[in-house]
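Report on the following structure.
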Amino acid sequence: MEAFPGMNRIPAGERAAFNLLFLLEHYFPKSRRIQHMRESARRRAVAHLQRGPKGKLIEVQRVKDISASDFRKSFLSKGIPLIIENGSANWPLASRWSFEKFHQRYGHETIKLVQRKGVAADDEIIEGKEFSEEIQFGAFLDQVTNGGTKYMRFSPLLEKFPELLDDFDHDFFKRMAGNSWGLTYQLFMGATGTFTPMHNAMTSFFFVNVCGIKRWALIPNHYLPILNPSADGFGYNHSKAQADLSNVTDFPGLECIDRMEAVMQPGDILFLPSWMWHSVRNEAPTIGVRCGFIYPKGMATEATTLSFIRLFAARNPSTLEALYYVLFKRNLPERDKWLLTAKLIRR
Ligand SMILES: O=C(O)CCC(=O)C(=O)O
Numbered sequence: 179m180e181a182f183p184g185m186n187r188i189p190a191g192e193r194a195a196f197n198l199l200f201l202l203e204h205y206f207p208k209s210r211r212i213q214h215m216r217e218s219a220r221r222r223a224v225a226h227l228q229r230g231p232k233g234k235l236i237e238v239q240r241v242k243d244i245s246a247s248d249f250r251k252s253f254l255s256k257g258i259p260l261i262i263e264n265g266s267a268n269w270p271l272a273s274r275w276s277f278e279k280f281h282q283r284y285g286h287e288t289i290k291l292v293q294r295k296g297v298a299a300d301d302e303i304i305e306g307k308e309f310s311e312e313i314q315f316g317a318f319l320d321q322v323t324n325g326g327t328k329y330m331r332f333s334p335l336l337e338k339f340p341e342l343l344d345d346f347d348h349d350f351f352k353r354m355a356g357n358s359w360g361l362t363y364q365l366f367m368g369a370t371g372t373f374t375p376m377h378n379a380m381t382s383f384f385f386v387n388v389c390g391i392k393r394w395a396l397i398p399n400h401y402l403p404i405l406n407p408s409a410d411g412f413g414y415n416h417s418k419a420q421a422d423l424s425n426v427t428d429f430p431g432l433e434c435i436d437r438m439e440a441v442m443q444p445g446d447i448l449f450l451p452s453w454m455w456h457s458v459r460n461e462a463p464t465i466g467v468r469c470g471f472i473y474p475k476g477m478a479t480e481a482t483t484l485s486f487i488r489l490f491a492a493r494n495p496s497t498l499e500a501l502y503y504v505l506f507k508r509n510l511p512e513r514d515k516w517l518l519t520a521k522l523i524r525r
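Under my numbering, the first residue of the sequence shown is numbered 179, with each subsequent residue one higher.
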């Protein structure tokens with residue numbers, strides 16, 4: 179766990195017990211016995227952490243420039259987050275993307291907003307797994323600039339407007355990821371105060387912040403028992419734990435975990451490794467893109483149990499359904515065309 183030298187730790191045996199029970203719960207979701215044992219494992223992990231010091235808040239490292247080989251050696255392969263300051267300042271999107279310019283180009287188009295269970299704010303009503311609505315893009319942009327609460331998260335909008343893909347530096351991604359397997363592009367646009375709760379997923383990604391300011395809270399998966407996510411078999415995990423410690427009574431032990439913070443300015447690029455938990459608050463109206471890429475070593479080593487669950491126990495969508503969509507983009511139900519199933523685009 180190079181991300182945090184000297185971090186407050188949960189003993190390996192206690193983590194292994196919790197992880198195993200979390201895995202079993204995916205196969206036996208109704209078993210009271212497993213739920214009870216998982217709860218006991220969680221309590222033991224909490225008690226252990228609470229005997230130690232309070233958690234530290236650590237700033238994510240920032241660099242102005244970094245070579246691809248240094249990035250891969252010191253950050254990608256070790257699973258350490260990094261901000262590359264102004265990393266996208268010279269990309270075409272820096273001058274071509276803004277709320278006004280999107281309004282002029284695409285204001286008349288109809289777009290779809292999808293809110294998913296666990297990664298939407300509490301006040302966004304979601305019955306079942308997701309809630310979606312269609313809206314005129316211009317009206318959506320107006321409500322963002324006027325401080326509205328509708329937040330576009332994980333949107334595959336670049337599949338609808340593929341010309342926007344010309345505005346990225348695709349060589350940057352190839353160099354940094356060390357492969358040309360392609361990326362999944364998902365757009366985020368929201369007003370000041372919009373928020374995405376704590377979650378994690380299998381893919382590593384670069385987040386390109388085009389406009390606005392974003393405050394990220396990051397928590398290593400080492401603290402899974404404290405975050406205590408529900409075992410609902412989605413392609414992602416989610417937790418209601420608040421990194422600002424505002425609900426520590428519901429998540430005891432949160433006050434003792436070491437966490438990281440990253441504040442992104444326009445033009446910054448954030449690298450986030452596989453399975454790093456994160457929540458995000460927009461501190462100004464933002465446009466940003468999650469550029470997910472495949473890094474098998476990180477997927478397998480950052481969180482072995484979660485990778486196993488994703489590959490063999492996830493049902494919503496299953497790995498085979500997700501792969502089929504990513505590679506062929508056909509026949510998958512509309513409800514599943516989302517996180518981890520955004521299309522892999524090669525450039
Ligand atoms: O920007 C946000 O609100 C959330 C971003 C995020 O969670 C992601 O890219 O995975």
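Positions of the beta carbon are idealized from the N, C-alpha and C atoms, including for glycine.
This one's a predicted model, so the numbers in the text were calculated from it and none came from an experiment.
It is roughly 10 Å from the alpha-carbon of Asp428 to the alpha-carbon of Asn406. Judged by DSSP secondary structure, Glu217 falls outside any beta strand (DSSP E) and instead within the alpha helix (DSSP H) spanning Arg210 to Gln228. Shown here, Glu263 sits in coil according to DSSP, grouped into three states, outside any helix or strand.
Within the same chain, Cβ atoms closer than 8 Å to the Cβ of Lys475 are found at Ser255, the five residues on either side in sequence being excluded. Close to ligand 1, as judged by a C-beta nearer than 5 Å to any of its heavy atoms, are the residues Phe366, Thr374, Val458 and Arg468, in chain order. Between Met438 and Val238, the CB-CB gap stays under 7 Å.
When Cβ pairs closer than 8 Å are counted between the two stretches, the segment 370-381 is seen to touch the segment 449-461, the count reaching three or more. The segment 228-298 contains, as complete beta strand (DSSP E) runs of 3+ residues, the segments 235-237, 260-262 and 288-294 (chain order).
Assigned with DSSP and collapsed to three states, Ser408 falls in coil, not helix or strand. Excluding residues up to 5 positions away in sequence, Phe373 lie with their Cβ nearer than 6 Å to the Cβ of Ala299 in the same chain. Distance between Tyr284 and Met330, taken at the CA atoms: about 15 Å. Three or more beta-carbon pairs separated by less than 8 Å are not found between the segment 313-321 and the segment 344-356, which leaves the two stretches without contact.
Between the segment 334-342 and the segment 258-269 there are fewer than three C-beta pairs closer than 8 Å, too few to call the two in contact.
One thing to note: Tyr363 has its Cβ within 7 Å of the Cβ of Val467.
Of the candidates Gly233, Ile289, Ala409 and Ala246, Ile289 places its Cα closest to the Cα of Leu365. When the beta-carbon positions are compared, Phe332 and Cys469 stay at least 7 Å from each other.
Between Ile472 and Trp359, the beta carbon gap of about 5 Å places them in contact (Cβ cut-off 8 Å). Between the segment 419-426 and the segment 207-223, the count of C-beta pairs closer than 8 Å stays below three; the two stretches do not touch. Within the same chain, and ignoring the five residues on either side of Glu480 in sequence, the residues whose Cβ sits closer than 8 Å to its Cβ are Gly257, Asn399, Pro451, Ser452, Trp453 and Met454. According to the DSSP assignment, Pro474 belongs to the alpha helix (DSSP H) that extends over Pro474 to Thr479. Under a 10 Å Cβ-count criterion, Ala379 is classified as buried, with 16 or more other Cβ atoms of the shown protein chains found around its own Cβ. Under the three-state reduction of DSSP, Asn460 is assigned to strand. Ser247 and Ala520 have their C-alpha atoms some 28 Å from each other. Between Glu203 and Ala409, the C-beta gap is smaller than 7 Å, which places the two residues in contact. Ser252 has its alpha-carbon roughly 22 Å from the corresponding atom of Gly445. Under the criterion of beta carbons closer than 8 Å, Ile404 and Leu227 qualify as touching, at roughly 7 Å.
In the structure shown, Gly325 falls within a coil segment according to DSSP collapsed to helix, strand and coil.
Here Thr497 carries a helix assignment [DSSP, helix/strand/coil]. Residue pairing of Val441 in beta bridges, as defined by DSSP: Arg393. Residue range His348 to Ala355 is occupied by the alpha helix (DSSP H) that includes Arg353. Residue range Phe373 to Asn378 is occupied by the beta strand (DSSP E) that includes His377.
Sorting Asp320, Arg294 and Gln293 by C-alpha distance to the C-alpha of Gln282 places Asp320 at the top. By DSSP's assignment, Arg488 forms no beta bridge with any residue.
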